[in-house]
Amino acid sequence: LGDPPTTDRIEAIRERVPGIEFKLDPTADWDDELVAALGDLGAVRIADLKGRYEGTEVDNPADPDLYRRVFEEFPDAVVEDPALEPGVESLVRDEAERVSWDYPITGVESVERLPFEPRWLNVKPSRFGTVESLLDTIDWAEARDVSLYGGGQFELAVGRDQIQALASLLYPDGPNDVAPGVYNDPEVPDELPASPLDPPEGAPGFGY
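Following this line, the structure appears as structure tokens:
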């Protein structure tokens with residue numbers, strides 16, 4: 001959203017693709033004014049708090065004020081990977097129905113170790129090790145009516161293709177974060193592809 005963060009980019013993209021929704025990564029520099037403005041736009045579908053990462057470039061320490069802003073101003077958004085620490089844990093548990101998990105998920109066992117039964121999961125095939133583990137986890141979720149979606153990993157060519165393939169086949173109506181790479185260009189182009197997207201041409205199969 002820029003430095004300092006603003007709604008300018010969100011509004012520019014929505015001018016080109018009306019009604020499009022976003023997965024955004026809230027950080028501590030998102031003040032009340034910015035979060036309220038984003039909430040008024042009604043454009044945030046997923047808020048990724050990145051609270052499960054440790055020792056990485058994307059670590060996002062738990063901030064009670066930020067968590068409050070996110071849950072209050074984005075009442076319809078899925079909130080991904082919150083931390084569970086003193087100061088935020090009670091808030092997160094109160095909102096468990098719209099909490100999603102991404103970073104810890106590597107198979108059924110990792111899902112069953114979550115602090116509470118999930119209602120949402122972000123499925124990233126490259127983290128599962130085998131196709132069998134991936135499909136077992138999807139079966140586990142479907143049997144329990146856990147909502148699924150895919151997203152991220154635009155930096156991994158085959159990983160991105162796999163996410164898009166699964167999303168189109170298994171959860172096409174989910175809040176999938178699978179927009180074409182042009183959406184990440186520094187300057188918003190005059191035209192952007194809108195849904196439904198044509199599948200890219202390429203070799204058949206899942207890809208490796």
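In full-length UniProt numbering, the protein residues as written are 1 to 208. Note that CB positions come from ideal geometry on N, CA and C, so glycine has one too.
Between residue i and residue j, what straight-line distance do the alpha-carbon atoms span, to the nearest angstrom?
i           : j           : result
residue 123 : residue 103 : 10 Å
residue 184 : residue 16  : 14 Å
residue 2   : residue 134 : 35 Å
residue 27  : residue 186 : 19 Å
residue 91  : residue 12  : 33 Å
residue 108 : residue 116 : 14 Å
residue 158 : residue 136 : 21 Å
residue 25  : residue 5   : 11 Å
residue 40  : residue 139 : 37 Å
residue 190 : residue 129 : 40 Å
residue 131 : residue 56  : 27 Å
residue 212 : residue 54  : Here the chain covers residues 1 to 208 and nothing more, so residue 212 does not appear.
residue 93  : residue 112 : 17 Å
Grab me the residues of residue i's own chain with a C-beta within less than 8 Å of its C-beta, minus the 5 sequence neighbours each way, in chain order.
i           : result
residue 178 : 150, 151, 160, 163, 164, 167
residue 197 : 180
residue 188 : 9, 12, 13, 16
Considering only C-alpha positions, which residue in the set the options is nearest to residue i?
i           : options            : result
residue 173 : 75, 14, 55, 21     : 21
residue 60  : 67, 68, 69, 49     : 49
residue 81  : 191, 75, 65, 58    : 58
residue 171 : 118, 146, 79, 116  : 146
residue 38  : 76, 190, 195       : 76
residue 121 : 130, 132, 144      : 144
residue 52  : 182, 114, 191      : 114
residue 19  : 201, 148, 194      : 194
residue 34  : 66, 56, 128, 14    : 66
residue 206 : 105, 139, 169, 138 : 169
residue 64  : 56, 105, 29        : 29
residue 141 : 105, 130, 129, 127 : 105
residue 148 : 175, 201, 54       : 175
Who are the Cβ neighbours of residue i in its own chain at under 6 Å, not counting the five residues just before and after it?
i           : result
residue 71  : 95
residue 125 : 134, 162
residue 118 : 101, 146
residue 97  : 119
residue 127 : 106
Kindly give me the distance between the Cβ atoms of residue i and residue j, rounded to whole angstroms, as I take these residues to be in contact under 8 Å.
i           : j          : result
residue 32  : residue 69 : 6 Å
residue 100 : residue 78 : 5 Å
Who are the near neighbours of residue i in its chain, counting only those whose CB is closer than 7 Å to its CB and skipping five residues on each side?
i           : result
residue 36  : 73
residue 192 : 13, 16, 17, 182, 183
residue 62  : 51, 83, 85, 87, 88
residue 201 : none
Problem - Inter-stretch contact (C-beta, 8 Å, three-pair minimum) for the region 85 to 93 and the region 31 to 47 - result: Not touching, per the Cβ criterion.
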